[in-house]
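For reference, the structure discussed in these notes is given below.
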Amino acid sequence: MSGWARDAIKLAAALGLLNGRDGGLFVPPGQLTRAEAIQVLSKLVK
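Here the sequence shown stands for residues 1 to 46, where the numbers follow UniProt numbering.
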């Protein structure tokens, strides 16, 4: 995970916007699916 993104990801996880994948694992070089993006945006709007 890039250093510049670490704090933002920690904050988003603490706010419940991001949960990670299986077992709470974050995969920074992985691709975000449409379903995952919609889930994050939906949580952000609420």
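Just so you know, even glycine gets a beta-carbon here, dropped at the ideal spot from N, CA and C.
It should be emphasised that the depicted structure is a prediction, and the values quoted were computed from it without experimental measurement.
Can you give me the start and stop residues for the alpha helix (DSSP H) that residue i sits inside?
i     : result
Val40 : Arg34 to Val45
Arg21 : Note, Arg21: premise wrong, no alpha helix (DSSP H); not H, not E.
Gly3  : Gly3 to Ala14
Given this structure, state the Cα-to-Cα distance separating residue i from residue j, to the nearest angstrom.
i     : j     : result
Lys46 : Gly16 : 11 Å
Gly24 : Ser42 : 19 Å
Glu36 : Leu18 : 9 Å
Less than 7 Å between C-beta atoms, sequence neighbours within five positions excluded: which residues of the same chain meet that for residue i?
i     : result
Gly20 : Phe26
Grab me the residues of residue i's own chain with a C-beta within less than 6 Å of its C-beta, minus the 5 sequence neighbours each way, in chain order.
i     : result
Ala12 : Leu18
Trp4  : none
Counting only the same chain and skipping the five closest in sequence on each side, list residues whose C-beta sits under 8 Å from that of residue i.
i    : result
Met1 : Ile9, Phe26 and Pro28
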